[in-house]
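For the protein sequence lines, the chains are A and B, in the order given.
Using the working numbering, the final residue of the first sequence is 197, and nothing's skipped along the way.
Using the working numbering, the final residue of the second sequence is 1268, and nothing's skipped along the way.
Using N, Cα and C, we set each Cβ at its ideal position, and we do this for glycine too.
Treat the numbers as computed from the prediction; the structure is a model and nothing was measured.
Okay, so here's the structure we're looking at.
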Amino acid sequence: MNAERPRIPKAERMAPTDNELMEDVRDGRVEKLAVLFERYQTMLYNFFLRLTGNRAASEDLVQEVFIRILKYRSGYLSESRFNVWLFQIARNAHIDYLRKQKPALPLDEKHAETPGREPLPEAAYEADREAELVRRALDRLPVNKREILVLFRFQNLKLREIAELTGVQVGTVKAQVHRALKDLSRVYLELQRGDLS
Amino acid sequence: MTCEKIQEKYADYLTGDLDEAGRAEVQAHILGCQACREDLENLTVVWAKLGVLPEEQPGGAVRARFYALLEDEKRKAAAAAVPQARSRLADWLTFRRPAFAASFSVLLLLLGLGAGWFLSAGRPGRESYAALSREVQDMRQQVALSLLNDPSASERIQGVGYTAEVKDPSDTTLAALFKAVDADPNPNVRLAAVDALYLFRDRPGVRQNLVRSLSVQSYPLVQVALIDFLVEVREARAVEALKKLIEAGELTPDVKKRAEQGLRQIAL
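Right, dumping it as structure tokens:
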């Protein structure tokens, strides 16, 4: 017997892939960027929010990413993976943001905690103290470790995609994820015990 | 297998991407290695805890800024294309495109009015400027309404863009935007119309119409844009519409999640 098939909206059945949309944008149909914007704006916003802890800056960075996509669209290759290309742009935008924040320091000397994280909205976080503790622990990691965890845990990038993005071997990414998680676990436990304020 | 080799498998282990053989290797190792067992237990705990961090939604201004950027880019592209597009220019001049014919006629009319003022009464006063400004606003609306009926989606998006430049749009213009949100065949036009209406969110009827639009909207992206809009303005009337939408069970998982989150946010 024919089971009733779930209703799938037409827009979803015929949804073009990210790569097809970006090829269209590259070839002059810039209005297609609107679909990519709708697909990725929240993901990008949360990526930046978890790295900077600053909502206004994160919104500016989302806009900056799309400005750069339009600027560099002619260089998009059909064989590219769109999400890797997108996050490469996002990482660069974040690096430039950090440079503007602390022009005197080279990037690798950026230290642990995000400076000046704005107060969190009470309703969003205060109800969940555990989430707050995790967020504080994440903030205390060096930016490179925080970034790799955010990419791997929240942006759903595969290890090979992170390797492609960061220009290292997959084995190196595995080791980096392991070390970052160990550090996060240690900091989390210290915060929980009250060793850190 | 060495501890180091086992630790390389942790990332895939945590995401569930490790195959059966790999999982068996990890489990066999940690049975005999207390340090690795404790290590993996800690990592599993912290991995799970990361999952409690909520996803936040960007403010509505992000979307408004993006669409302004996109419109700007399209205008630049159109301006750059003009020198090469002689046939299109010929089309314009021979008025084969009704939208541009209409706007050109109004422009000529305005030029005539302006010239009349200068020639007959010298420098126009404040009232004359106000009248001229009104005329320009009216012209924008007429062009917008013409473009919104164009068969090309990019022209219709441009039409929506014109409405966003009108300070106080007429009811007819607002009605055209509502119609675009509900019924335009192209989701990008619908999204642009939702964004344009955000600018007029305090006009009577705008929020109410978008609440109603939620129940007839079929495109998931537009549904999310409508929910974002109504959450942003904390529209209490949206609560009932969102509940019905969730209960109807026809939403995609992402839209359902956004609708549920929206319900909570409106209630805050």
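Q.
Please give the ranges of any alpha helix (DSSP H) in the segment 1157 to 1238 of chain B, keeping only runs that are unbroken, at least 4 residues long and fully inside the region.
A. 1171 to 1183, 1187 to 1199, 1206 to 1216, 1220 to 1232
Q) Can you tell me whether residue 1139 of chain B is buried or exposed, with buried defined as 16 or more other CB within 10 angstroms of its CB? A) Looking up residue 1139 of chain B in the second sequence gives position 139. Looking at its Cβ environment, which holds 16 or more other Cβ atoms inside 10 Å, residue 1139 of chain B is buried.
Q) Beta-carbon of residue 1124 of chain B versus every beta-carbon of chain A: anything under 7 Å? A) Position 124 of the second sequence, counted from the first residue, corresponds to residue 1124 of chain B. In this predicted model, residue 1124 of chain B has a pLDDT of only 49, less than 50, meaning its place in the structure is not dependable; the value taken from the coordinates is given anyway. It does not; no Cβ of chain A falls within 7 Å.
**Q.** is_contact[residue 34 of chain A, chain B] using C-beta, thresh 7 Å
**A.** Here the question's residue 34 of chain A lines up with position 34 in the first sequence. Yes, because at least one Cβ of chain B sits closer than 7 Å to the Cβ of residue 34 of chain A.
Q.
Please classify residue 183 of chain A as buried or exposed, where buried requires at least 16 other C-beta atoms within 10 Å of its C-beta.
A. The residue given as residue 183 of chain A occupies position 183 in the first sequence. Under this definition residue 183 of chain A is a buried residue.
Q: Evaluate residue 204 of chain A with the Cβ neighbour count: other Cβ atoms within 10 Å of its Cβ, from every protein chain shown; 16 or more gives buried, anything less gives exposed.
A: This structure gives no information on residue 204 of chain A, because the portion of chain A shown stretches from 1 to 197.
Q: From the DSSP output, in three-state form, read off residue 1077 of chain B for me.
A: Residue mapping note: residue 1077 of chain B aligns to position 77 of the second sequence, counting from 1. Residue 1077 of chain B falls in the helix class under three-state DSSP.
**Q.** Rounded straight-line distance, which links the Cα of residue 1048 of chain B to that of residue 1038 of chain B
**A.** Position 38 of the second sequence, counting from 1, holds the residue named residue 1038 of chain B. Position 48 of the second sequence, counting from 1, holds the residue named residue 1048 of chain B. Cα-Cα distance, rounded: 15 Å.
**Q.** Three-pair Cβ contact test at 8 Å for the segment 1014 to 1024 of chain B versus the segment 1177 to 1194 of chain B
**A.** no
Q. Any beta-carbon of chain A closer than 7 Å to the one on residue 1073 of chain B?
A. To locate residue 1073 of chain B, count along the second sequence from 1; it is residue 73. Chain A, which has a Cβ nearer than 7 Å to the Cβ of residue 1073 of chain B, makes this yes.
Q: Give the residues of chain B in contact with residue 153 of chain A, contact being defined as C-beta atoms less than 7 Å apart.
A: In the first sequence, the residue the question calls residue 153 of chain A occupies position 153. By Cβ distance, chain B contributes 1050.
Q) Counting contacts by CB-CB distance shorter than 7 Å, is residue 1058 of chain B in contact with chain A? A) To locate residue 1058 of chain B, count along the second sequence from 1; it is residue 58. Closer than 7 Å to some Cβ of chain A, the Cβ of residue 1058 of chain B qualifies, so yes.
Q. Do residue 191 of chain A and residue 137 of chain A have their CB atoms nearer than 7 Å?
A. As a first step, residue 191 of chain A is located in the first sequence; it is residue number 191 there, counting from the start. As a first step, residue 137 of chain A is located in the first sequence; it is residue number 137 there, counting from the start. Yes. Within cutoff.
Q. Sorted by chain position, which residues of the same chain lie with C-beta nearer than 8 Å to residue 145 of chain A's C-beta, five sequence neighbours on each side aside?
A. Locating residue 145 of chain A in the first sequence gives position 145, where the first residue counts as 1. Same-chain partners within the cutoff: 176, 179, 180, 183, 184.
Q. From which residue to which residue does the alpha helix (DSSP H) around residue 1051 of chain B run?
A. Numbered from its first residue, the second sequence carries residue 1051 of chain B at position 51. Careful: residue 1051 of chain B lies outside any alpha helix (DSSP H) and carries neither H nor E.
**Q.** As assigned by DSSP and simplified to three states, the class of residue 108 of chain A
**A.** Position 108 of the first sequence, counting from 1, holds the residue named residue 108 of chain A. Any answer about residue 108 of chain A is weak, because its pLDDT of 40 lies below 50 and its placement is not dependable; what the coordinates show is given next. Helix at residue 108 of chain A.
Q.
Taking its Cβ as the centre, do 16 or more other Cβ atoms sit within 10 Å of residue 169 of chain A, making it buried, or is it exposed?
A. What you label residue 169 of chain A is simply residue 169 of the first sequence in a count that begins at 1. It is exposed - the Cβ of residue 169 of chain A has fewer than 16 other Cβ atoms within 10 Å.
Q | chain A contacts made by the segment 1027 to 1049 of chain B, where a contact means CB separation under 9 Å | A | 1039, 1042, 1043, 1045, 1046, 1047, 1049
Q. Ends of the alpha helix (DSSP H) at residue 45 of chain A?
A. Here residue 45 of chain A refers to the residue found at position 45 when the first sequence is read from its first residue. First-last of the alpha helix (DSSP H) with residue 45 of chain A: 33 to 52.
Q. When Cβ atoms are compared, which residues of the segment 181 to 196 of chain A fall closer than 9 Å to chain B?
A. 181, 182, 184, 185, 186, 188, 189
Q. Within the 7 Å Cβ cut-off, does residue 1013 of chain B reach chain A?
A. In the second sequence, residue 1013 of chain B corresponds to position 13, counting from 1. Not closer than 7 Å to any Cβ of chain A, the Cβ of residue 1013 of chain B fails to qualify, so no.
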